[in-house]
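Report on one structure; see the data block that follows.
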Amino acid sequence: MDIEKIFKDAVAAAVSESVKKENNGGQGNSSSIFSSQSILHGMHPQKTIAVLQRGWVIVGDLFKDGEYYTLANAAVIRRWGTSDGLGQIAKNGPTDETILDSCPDIRFHELTSVFLMDCVASEWQ
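Be aware that the sequence shown starts at 104, since it is given in the numbering used here, and climbs by one per residue.
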(Lines of atoms letter the chains of each structure in order from A and count residues from 1; the text may use other names and numbers.)
(Lines give C-alpha, C1' and ligand atoms only; values in the text may rest on other atoms or scores of the structure.)
Protein backbone atom coordinates (compact mmCIF):
# COMPACT_ATOMS: atom_id res chain seq x y z
CA MET A 1 0.00 0.00 0.00
CA ASP A 2 1.48 3.32 -1.12
CA ILE A 3 0.42 5.83 1.56
CA GLU A 4 1.87 8.79 -0.34
CA LYS A 5 -0.22 7.95 -3.43
CA ILE A 6 -3.35 7.49 -1.32
CA PHE A 7 -2.75 10.86 0.36
CA LYS A 8 -2.10 12.61 -2.98
CA ASP A 9 -5.26 11.06 -4.44
CA ALA A 10 -7.22 12.25 -1.39
CA VAL A 11 -5.87 15.78 -1.80
CA ALA A 12 -6.78 15.74 -5.50
CA ALA A 13 -10.29 14.55 -4.64
CA ALA A 14 -10.64 17.26 -1.98
CA VAL A 15 -9.54 19.97 -4.39
CA SER A 16 -11.93 18.63 -7.02
CA GLU A 17 -14.75 18.62 -4.45
CA SER A 18 -13.93 22.20 -3.45
CA VAL A 19 -14.11 23.31 -7.08
CA LYS A 20 -17.44 21.49 -7.49
CA LYS A 21 -18.84 23.27 -4.45
CA GLU A 22 -17.68 26.67 -5.71
CA ASN A 23 -19.18 26.02 -9.13
CA ASN A 24 -22.38 24.60 -7.68
CA GLY A 25 -23.36 27.33 -5.21
CA GLY A 26 -21.79 25.60 -2.22
CA GLN A 27 -23.42 22.24 -2.92
CA GLY A 28 -21.26 19.19 -3.28
CA ASN A 29 -20.68 15.68 -2.13
CA SER A 30 -19.90 15.89 1.58
CA SER A 31 -19.23 12.17 2.05
CA SER A 32 -15.47 12.47 1.62
CA ILE A 33 -13.64 12.24 4.94
CA PHE A 34 -10.79 14.23 3.44
CA SER A 35 -12.62 17.53 3.42
CA SER A 36 -11.25 20.31 1.29
CA GLN A 37 -11.26 22.60 4.31
CA SER A 38 -9.01 20.33 6.37
CA ILE A 39 -6.45 19.52 3.73
CA LEU A 40 -6.36 22.86 1.93
CA HIS A 41 -5.53 24.62 5.17
CA GLY A 42 -2.37 22.57 5.63
CA MET A 43 -3.59 19.90 8.03
CA HIS A 44 -1.86 16.56 7.58
CA PRO A 45 -2.98 13.41 9.32
CA GLN A 46 -1.46 12.77 12.73
CA LYS A 47 -1.54 9.26 14.21
CA THR A 48 -3.62 9.89 17.33
CA ILE A 49 -5.27 8.00 20.15
CA ALA A 50 -8.70 9.47 20.91
CA VAL A 51 -10.35 8.77 24.24
CA LEU A 52 -14.05 9.40 23.74
CA GLN A 53 -17.08 9.51 25.96
CA ARG A 54 -18.35 6.22 27.34
CA GLY A 55 -14.86 4.74 27.42
CA TRP A 56 -14.11 4.29 23.72
CA VAL A 57 -10.38 4.39 22.97
CA ILE A 58 -9.59 4.57 19.25
CA VAL A 59 -6.39 5.07 17.27
CA GLY A 60 -6.15 6.40 13.73
CA ASP A 61 -5.00 9.17 11.41
CA LEU A 62 -6.68 12.33 12.71
CA PHE A 63 -8.31 14.98 10.50
CA LYS A 64 -10.39 17.95 11.65
CA ASP A 65 -13.18 19.63 9.71
CA GLY A 66 -15.00 22.36 11.60
CA GLU A 67 -16.37 20.91 14.82
CA TYR A 68 -15.81 17.30 13.71
CA TYR A 69 -12.82 15.00 13.82
CA THR A 70 -12.30 11.93 11.66
CA LEU A 71 -10.00 9.05 12.49
CA ALA A 72 -9.07 7.31 9.24
CA ASN A 73 -7.44 3.87 9.22
CA ALA A 74 -9.03 3.47 12.63
CA ALA A 75 -8.90 0.71 15.21
CA VAL A 76 -10.58 0.38 18.59
CA ILE A 77 -8.00 -0.35 21.27
CA ARG A 78 -9.74 -3.19 23.10
CA ARG A 79 -6.74 -4.01 25.30
CA TRP A 80 -3.83 -1.67 25.89
CA GLY A 81 -1.46 -4.49 26.81
CA THR A 82 0.89 -2.13 28.62
CA SER A 83 2.64 -1.96 31.96
CA ASP A 84 3.01 1.82 31.78
CA GLY A 85 -0.38 3.11 30.67
CA LEU A 86 -1.80 4.40 27.41
CA GLY A 87 1.17 6.70 26.83
CA GLN A 88 3.38 3.64 26.43
CA ILE A 89 1.69 2.56 23.21
CA ALA A 90 1.42 6.16 22.01
CA LYS A 91 5.23 6.46 22.25
CA ASN A 92 6.30 2.90 21.44
CA GLY A 93 3.45 1.48 19.35
CA PRO A 94 1.33 -1.55 20.18
CA THR A 95 2.82 -4.31 22.31
CA ASP A 96 2.44 -8.06 21.79
CA GLU A 97 -0.41 -7.88 24.32
CA THR A 98 -2.25 -4.96 22.67
CA ILE A 99 -5.52 -5.91 20.97
CA LEU A 100 -6.64 -3.62 18.12
CA ASP A 101 -10.01 -4.14 16.42
CA SER A 102 -9.91 -2.53 12.98
CA CYS A 103 -13.01 -0.59 12.04
CA PRO A 104 -14.29 1.86 9.43
CA ASP A 105 -13.35 5.51 9.73
CA ILE A 106 -14.69 7.12 12.90
CA ARG A 107 -16.23 10.59 12.91
CA PHE A 108 -16.99 12.39 16.17
CA HIS A 109 -17.87 15.84 17.43
CA GLU A 110 -15.08 17.71 19.22
CA LEU A 111 -17.15 17.95 22.42
CA THR A 112 -17.38 14.14 22.69
CA SER A 113 -13.62 13.83 23.03
CA VAL A 114 -12.21 13.40 26.53
CA PHE A 115 -8.67 13.89 25.21
CA LEU A 116 -6.47 13.30 22.15
CA MET A 117 -2.97 11.82 22.48
CA ASP A 118 -0.46 12.19 19.64
CA CYS A 119 1.42 9.03 18.75
CA VAL A 120 4.89 8.47 17.38
CA ALA A 121 3.69 7.55 13.89
CA SER A 122 6.80 5.56 12.97
CA GLU A 123 6.01 3.14 15.82
CA TRP A 124 2.55 2.42 14.37
CA GLN A 125 3.63 1.10 10.94
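We treat Cβ as the ideally placed atom computed from N, Cα and C, and that holds for glycine. Just so it is clear, the structure is predicted and the values come from calculations on it, not from any experiment.
From the DSSP secondary-structure annotation, give me the bridge partner or partners of residue i.
{"i": "residue 160", "result": "154"}
{"i": "residue 209", "result": "174"}
{"i": "residue 167", "result": "172"}
{"i": "residue 187", "result": "DSSP output for residue 187 lists no bridge partner at all."}
{"i": "residue 204", "result": "179"}
{"i": "residue 221", "result": "151"}
Quick check on the burial criterion: 16 or more other C-beta atoms within 10 angstroms. Buried or exposed for residue i?
{"i": "residue 190", "result": "exposed"}
{"i": "residue 152", "result": "buried"}
{"i": "residue 148", "result": "buried"}
{"i": "residue 164", "result": "buried"}
Counting only the same chain and skipping the five closest in sequence on each side, list residues whose C-beta sits under 6 Å from that of residue i.
{"i": "residue 154", "result": "160, 217 and 218"}
Given 8 Å, three or more beta-carbon pairs between the stretch 163-171 and the stretch 197-204: Counting Cβ pairs under 8 Å, fewer than three are found: no touch.
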